[in-house]
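In order, the protein sequences belong to chains E and Y.
Residues in the first sequence are numbered from 2 upward in steps of one, following the numbering used here.
Residues in the second sequence are numbered from 2 upward in steps of one, following the numbering used here.
Reviewing the structure listed below.
Protein chains: 2
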Amino acid sequence: PGKSKSKVLKAAKSMRKLGQDDPRRVVHSLKVGLALTLASLLYYSRTLYDGFGVAGMWAVLTVVVVFEFTVGGTMSKSLNRGFATLLAGALGVGAQHFASLFGEKEEPIVLGFLVFLLGAACTFTRFFPRIKARYDYGILIFILTFSMVSVSGFQVVEVLEMAHQRLSTIIIGGATCIVVSTCICPVWAGDDLHNLITSNIEKLASYLEGFGDEYFHYSSEGEGKVKVSNKDNSFLQGYRSVLNSKSTEDSMANLARWEPRHGHFGLRHPWKQYLKIGAISRQCAYHIEALNSYINSNIQASEEFQSKIQEPCTKMSEESGKALRSLASAIKTMKDPSPANIHLENSRTAINELKVAVKASSLEQADLLAIVPVATVASTLIEIVKCVDKLSEAVH
Amino acid sequence: PGKSKSKVLKAAKSMRKLGQDDPRRVVHSLKVGLALTLASLLYYSRTLYDGFGVAGMWAVLTVVVVFEFTVGGTMSKSLNRGFATLLAGALGVGAQHFASLFGEKEEPIVLGFLVFLLGAACTFTRFFPRIKARYDYGILIFILTFSMVSVSGFQVVEVLEMAHQRLSTIIIGGATCIVVSTCICPVWAGDDLHNLITSNIEKLASYLEGFGDEYFHYSSEGEGKVKVSNKDNSFLQGYRSVLNSKSTEDSMANLARWEPRHGHFGLRHPWKQYLKIGAISRQCAYHIEALNSYINSNIQASEEFQSKIQEPCTKMSEESGKALRSLASAIKTMKDPSPANIHLENSRTAINELKVAVKASSLEQADLLAIVPVATVASTLIEIVKCVDKLSEAVH
């Protein structure tokens, strides 16, 4: 019992952490419960009073299937579901009518063939990346409704009645979802994307701002000594999450397209631009990953050489970090990103200073082999500065 | 009309390409059509003969919703759907019975509250990453069935009858899907993961094998000359797809877990090991990305220095590429990966050769600044060799 108790405690703890990490999750759960209860009660009262029938279940079903974490997700699924049902219903009636022109024996064969044809064709279109991203759910519902209507074997009048009921219940369910998800603490995919992009850039910025100290501080303590740093080094890990952010960004941008005007975001907000900025910051993160493999290695270069390049290197890293931070805040507040230009200018000057310093350093004394890692760090930093430059262009 | 014609032509072309890129897509579409027709005809004949009723629609619905591209996906969805329906149905009957203990007026309130509670709680558990990966669909169906059963307002006997029908139709639909997807040209997620991992490693290998020539060949043509290379350089782009492969690998590994024994893969095949290997090869790809930014820059180092390090660098890159290739083929054929050890050994020797070469090079003549990029390339290659080492350990 002690073991199971500790398991329960552990689960409770991780549940609490999940809620604390993002309180919107708790709110979302409550919202789903609310929408579900609303749809259920509607169905319940309808059954009691005017016999809405089994079709009313579709309202509940719609709520469960359609309600997503973000407004964009809910919108996209509701609209997809609604239009696909409408279209497929009409086509299904047509198919049934067409099949009824044949004899009674041939009818199931014709219908089966039509279902096969449409099912296969629609499934194939789901492989198109662009269709998959936006209309995947709609096509699914299309196949579903078409085969159900065309195979149902009802008379056309019955089908129309059924279609009317189904469509109205789906609209009720979908509308409930859209209203609840947009009116009660809405979670906008656009906002999320916006925040993700800026926080990613900020993570890169904190890494770069801290890198100079971390790298040269270590080496100045001497070779043999193990570094004892009491500072919080977590900022050095933050950039890692940027490396694999592509799929999240893509899906958020897809959902953001479905969202109506809200906050600072117009209807045709340039979400593609966010993806572009995301791609460049990911590239920057790759360079940082390369940089990071040197952070724990000893610098064996001579004191003299090191002291010469320490300043420009630290400056490069710090200034590009600052430039990133100011770009991030420019994106966040949607203001002119020109304050970043000073830092960019500074980091470019630092590159030149570094070049001068390297040129001036006396080659005879320095051991070339020992310089290699430091040189790598320096040239990786140069690449990062270039990346930041590109990023700033994309923001403008 | 000319414009719309060209549009249609374009769509047809991209459709054809989609099918040619992976013919399994066409087969999958046909399989979906087949399963759908089977389920529909079953439903159709049943309706005609013994009145299987509206519940029969659930078989069609199940097929549409459950049929996935891979066997693992179909399995996971079918099983999730089946068990969730069973469990939620039982709970729903219990909830209805519990609510009926209250008065007729309180009943809907109690039921509404229960639906709210369960809906919110289940939605919250969907945020757990581990649960989301494996049981997301099951929980969705659980909420769905529970609210539909508990709100249906039927008598317990009726509910049991309905539950029996629904469950049997779901089993019919699910079984149709599983049989069609496993028996007709099955697409195993495990196979796909296996191939993805090996092809990713091979892509890295081709890059590394070609890098030495590409980099030093360029520079030997002289500074000002623009490179005219008639060779196919596509191998230099292949590694890019490795950078963002994480989400695909994760989802495939999740699906692979659901698959039964097939081919060389046992029931408890170490899929986690694949993810580990995937992570290391991604790290290797990050280093290659860093390397790639130097491939088009001019080498300004003196001829002498360059000629000294050209050989060890090319050797390092080639040998680590060969090591990767032999590791990939070891994974592919599931054989002992020891043939890679020779190449690993060779690349380590090349590192030492490089060190000797750098030490021996006369510092006075070389311009330090010009050396920096070349030095970076060399030390990035060293990092790549380390990565390959780790990869080989993981494969063992």
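All C-beta atoms in this analysis are idealised placements derived from N, C-alpha and C, irrespective of residue type, glycine included.
Given the structure is predicted, the values throughout are model-derived calculations rather than measurements.
DSSP state of Y:PHE117 mapped onto helix, strand, coil:
Three-state result, Y:PHE117: helix.
Of the residues E:ALA280, E:LEU355 and E:PRO340, which one's Cα is nearest the Cα of E:GLN311?
Among E:ALA280, E:LEU355 and E:PRO340, the Cα nearest to that of E:GLN311 is on E:LEU355.
How about the stretch 73 to 89 of chain E and the stretch 248 to 267 of chain E: do they share at least three Cβ pairs that are nearer than 8 Å?
Yes: at least three Cβ pairs fall under 8 Å.
Which residues of chain Y have a Cβ atom closer than 7 Å to the Cβ of E:HIS288, listed in chain order?
Under a criterion of Cβ atoms nearer than 7 Å, the residues of chain Y adjacent to E:HIS288 are, in order, ALA291.
Any C-beta of chain Y under 9 Å from that of E:THR419
Nothing can be reported for residue 419 of chain E: it is not among the residues displayed for chain E, which extend from 2 to 397.
Same chain only: Cβ atoms within 7 Å of E:ALA134, ignoring 5 sequence neighbours per side
So the qualifying residues of the chain are ASN255.
Given 8 Å, three or more beta-carbon pairs between the stretch 26 to 41 of chain Y and the stretch 140 to 154 of chain E
Cβ pair count under 8 Å is three or more, so yes.
Taking contact to mean at least 3 C-beta pairs separated by less than 8 Å, is the stretch 90 to 101 of chain Y in contact with the stretch 198 to 216 of chain Y?
Three or more beta-carbon pairs separated by less than 8 Å are not found between the stretch 90 to 101 of chain Y and the stretch 198 to 216 of chain Y, which leaves the two stretches without contact.
On the criterion of 16 or more Cβ atoms from any shown chain inside 10 Å, does E:VAL181 qualify as buried, or is it exposed?
Per the 10 Å Cβ criterion, buried.
Reducing DSSP to helix, strand and coil, say where E:HIS98 ends up.
Reduced to three states, the DSSP call for E:HIS98 is helix.
Using only the alpha-carbon positions, how far apart do Y:TYR50 and Y:ASP137 sit?
Bear in mind that a pLDDT of 46 at Y:TYR50, under 50, signals an unreliable position, so the number given afterwards is only what the model happens to contain. Computed Cα separation, rounded: 37 Å.
Which residues, taken in chain order from the stretch 240 to 260 of chain E, show a beta carbon closer than 8 Å to some beta carbon of chain Y?
For the stretch 240 to 260 of chain E, the residues whose beta carbon sits under 8 Å from a beta carbon of chain Y are, in order, LEU244, ASN245, LYS247 and SER248.
Taking 9 Å as the CB-CB limit, is Y:MET317 close to chain E?
Any Cβ of chain E closer than 9 Å to the Cβ of Y:MET317 would place that residue at the interface, and such an atom is absent.
Extent of the continuous alpha helix (DSSP H) to which E:GLY139 belongs
Here the alpha helix (DSSP H) through E:GLY139 covers 130 to 152.
Report the neighbours of Y:THR170 on chain E: residues whose CB is nearer than 7 Å to its CB, in chain order.
By Cβ distance, chain E contributes nothing, its closest Cβ being about 12 Å from Y:THR170, past 7 Å.
Please report whether the beta-carbon of Y:HIS165 lies at a distance below 9 Å from any beta-carbon of chain E.
Interface criterion not met: the Cβ of Y:HIS165 is under 9 Å from no Cβ in chain E.
Cross-chain neighbours of Y:ILE144 in chain E, by beta carbon under 9 Å
Those within 9 Å of Y:ILE144 in chain E are VAL33, LEU37 and VAL65.
Between Y:THR124 and E:SER15, how many whole angstroms is the CB-CB distance? I'm expecting something under 8 Å.
Actually they are not in contact, since the Cβ atoms of Y:THR124 and E:SER15 sit about 16 Å apart, beyond 8 Å.
From E:THR294 to Y:SER380, what distance separates their C-alpha atoms?
The sequence given here has Ser at residue 294 of chain E, not Thr. Approximately 11 Å between the Cα atoms of the pair.
Along chain Y, which residues have their Cβ under 9 Å away from the Cβ of E:LEU87?
Near E:LEU87 there are no residues of chain Y at all, since even the closest Cβ is about 17 Å away, more than 9 Å.
Quick one: what's got a C-beta closer than 7 Å to E:PHE68's C-beta in the same chain, skipping five residues either side?
Around E:PHE68: VAL33, ALA36, THR75, CYS178 and SER182.
Can you list the alpha helix (DSSP H) stretches of 4 or more residues lying completely in the stretch 161 to 226 of chain Y, in chain order?
Taking only runs of at least 4 residues, the alpha helix (DSSP H) segments lying wholly in the stretch 161 to 226 of chain Y are 190 to 221.
According to DSSP, what are the bridge partners of Y:HIS263?
DSSP output for Y:HIS263 lists Y:PHE266 as bridge partner(s).
Out of Y:VAL65, Y:GLN284, Y:PRO313 and Y:ASP214, point me to the one whose CA is closest to E:ARG127's CA.
Answer by Cα proximity: Y:VAL65.
Determine the direct distance from the alpha carbon of Y:VAL27 to that of Y:LYS4, and round the result to whole angstroms.
So the two alpha carbons sit approximately 28 Å from each other.
Cα separation between Y:SER348 and Y:LYS316?
C-alpha of Y:SER348 to C-alpha of Y:LYS316: approximately 7 Å in a straight line.
Below 8 Å on C-beta distance, what does E:LEU118 contact in chain Y?
Within chain Y, the residues whose beta carbon sits less than 8 Å from that of E:LEU118 are GLY34, listed in sequence order.
Where does Y:TYR240 sit, in a helix, a strand or coil, going by DSSP?
In the three-state reduction of the DSSP assignment, Y:TYR240 falls in the coil class, being assigned neither a helical nor a strand state.
Report the three-state DSSP secondary structure of E:MET335 (helix, strand or coil).
Note: E:MET335 maps to coil in three-state DSSP.
Start and end of the alpha helix (DSSP H) containing E:THR249?
The continuous alpha helix (DSSP H) containing E:THR249 extends over residues 247 to 257.
Residues in the stretch 379 to 391 of chain Y with C-beta within 7 Å of chain E's C-beta atoms, listed in sequence order?
Those residues of the stretch 379 to 391 of chain Y that come within reach of chain E (Cβ to Cβ, closer than 7 Å) are ALA379, SER380, THR381 and GLU384.
Is it buried or exposed for E:LEU161, if we count other Cβ within 10 angstroms and need 16 for buried?
Classification for E:LEU161: exposed.
Tell me which residue opens and which closes the alpha helix (DSSP H) that Y:LYS106 is part of.
Where Y:LYS106 is concerned, there is no enclosing alpha helix (DSSP H), given that its DSSP letter is neither H nor E.
Helix, strand or coil, according to DSSP, for Y:GLU312 in the structure here?
Reduced to three states, the DSSP call for Y:GLU312 is helix.
Would you report the Cα separation of E:ASN81 and E:GLY139, rounded to the nearest angstrom?
Answer to the nearest angstrom: the Cα atoms are 4 Å apart.
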